[in-house]
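Colleague:
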Amino acid sequence: MKNIDHSLLVERARNIPLYLHAYAFHLNMRYERLIPSDLLDIAHQQDLCGVKIHVEDGESQSLQKLSLEELTKFKSKAQEYGLDIHIETSASDKDTLDEAIRIARATGASSVRFYPRYEGYLYDVLTKISVDLDYLRQYDNCGLSFTIEQHEDLKSHELVTLVKNSGMKNLSILFDFANMINANELPLSALDAMAPYITQVHVKDAKIIREGSGWAHEACRTGKGDLPIKELLIKLLMLGEERQQITSFGLEEEVDYYAPAFRFDDEGGNPWIPWRDASFTPLPDAEYLDERLELEKMHALDQITYIRNQCNDLV
1 MKNIDHSLLV ERARNIPLYL HAYAFHLNMR YERLIPSDLL DIAHQQDLCG VKIHVEDGES
61 QSLQKLSLEE LTKFKSKAQE YGLDIHIETS ASDKDTLDEA IRIARATGAS SVRFYPRYEG
121 YLYDVLTKIS VDLDYLRQYD NCGLSFTIEQ HEDLKSHELV TLVKNSGMKN LSILFDFANM
181 INANELPLSA LDAMAPYITQ VHVKDAKIIR EGSGWAHEAC RTGKGDLPIK ELLIKLLMLG
241 EERQQITSFG LEEEVDYYAP AFRFDDEGGN PWIPWRDASF TPLPDAEYLD ERLELEKMHA
301 LDQITYIRNQ CNDLV
């Protein structure tokens, strides 16, 4: 890469804001072997800056199931550890946003991430999302920042247009290392297209799989896939002139997660966007459950080491 200020890159690589993402422990949380409070312990033990937690992570012990008193205890524990909290949810409609904001306020979170999930022709889907953002605008000065994630169905320029037209000063884009693949884009070009609007990141690796005239991805152990991890890290670290633009790198190891193609070479100008469920990792057979859950923990901790090593190589 040209015109890199290496001294600035070294400084930012040394101080990269790493966050533990609950999805790295997705299966453990589905079986309640880990709950949100445990993630705070792990993030503290690993000397991370914070945690990114979905409102449903932890099933019956998830944040959306907790009482106000329990959410306050969660907040106090995070403050005790000096950890930032980011709340995540998997839709953009009024009720979903309201619930995520309620939880964010109760836990002392600084940020809410969401992504739209609508079925229909692209222009109709974009209109629905614009309506959701019109509703969200009332929260623009509530003390929270908001990120909309590129989540497999929208292209980079479509997401940028939504953010620009929202009229919100506290809405930006969360860049996932792999999700643009399903929208028939490549990571580096998608990053370039969204760069001025990206403030948060989900770090993972994936294998890119041809599917018809589009592309699917299967998440894998970081460093074992097809994504240009180091180049993405460098470009993201260098965003922002006076200060680092990216405020959090969420470590989202999610081995075996599969996402199909949503956008295609021959789709036309107003393609049909099919319905999709929230992100999901397949469950292991019962006889292999304990082994798989332990493996997931190991993979998550290994990713922390891998990304830190990548940053150390830049220093």
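Quick note on full-length UniProt numbering: the sequence shown kicks off at 1 and runs consecutively.
C-beta atoms are modelled at their ideal positions from N, C-alpha and C, and glycine is treated no differently.
(1) Which runs of the beta strand (DSSP E) spanning at least 3 residues fall entirely within the region 171-197, listed in chain order?
(2) Sort Asp256, Arg243 and Gln79 by Cα distance to Asp205 and report the nearest one.
(3) In the DSSP assignment, find the unbroken alpha helix (DSSP H) run with Phe74 in it and report its ends.
(4) If you draw a straight line from the C-alpha of Gly240 to the C-alpha of Glu291, how long is it?
(5) Any chance you could list the alpha helix (DSSP H) runs of at least 4 consecutive residues sitting entirely within the region 197-271, in chain order?
(6) If you measure between the beta carbons of His54 and His202, is that distance less than 8 Å?
(7) Take Leu68 and list the residues in its own chain whose beta-carbon comes closer than 8 Å to its own, dropping the five residues that flank it on each side.
(8) I'd like to confirm the pairing. Which residues does DSSP put opposite Thr147 in its beta bridges?
(9) Which value, in whole angstroms, describes the spacing of the CA atoms of Lys235 and Gln245?
(10) Would you kindly work out how many angstroms separate the C-alpha atoms of Arg263 and Leu186, rounded to a whole number?
(11) Taking the alpha helix (DSSP H) that Leu18 belongs to, which residues open and close that run?
(12) Look up Ile273 in the DSSP assignment and give the residues it is bridged to.
(13) Look at the Cβ atom of Val112, then the Cβ atom of Phe74, and state whether they are nearer than 8 Å.
Modeller: Let's see:
(1) Runs of the beta strand (DSSP E) inside the region 171-197: 171-176.
(2) Asp256
(3) Leu68 to Tyr81
(4) 43 Å
(5) 229-237
(6) Contact: no.
(7) Ala106
(8) Arg113 and Ser172
(9) 11 Å
(10) 12 Å
(11) Not the alpha helix (DSSP H): Leu18 falls in the beta strand (DSSP E), residues Leu18 to His21.
(12) Gly120
(13) With a cutoff of 8 Å on beta-carbon distance, Val112 and Phe74 are scored as not near each other.
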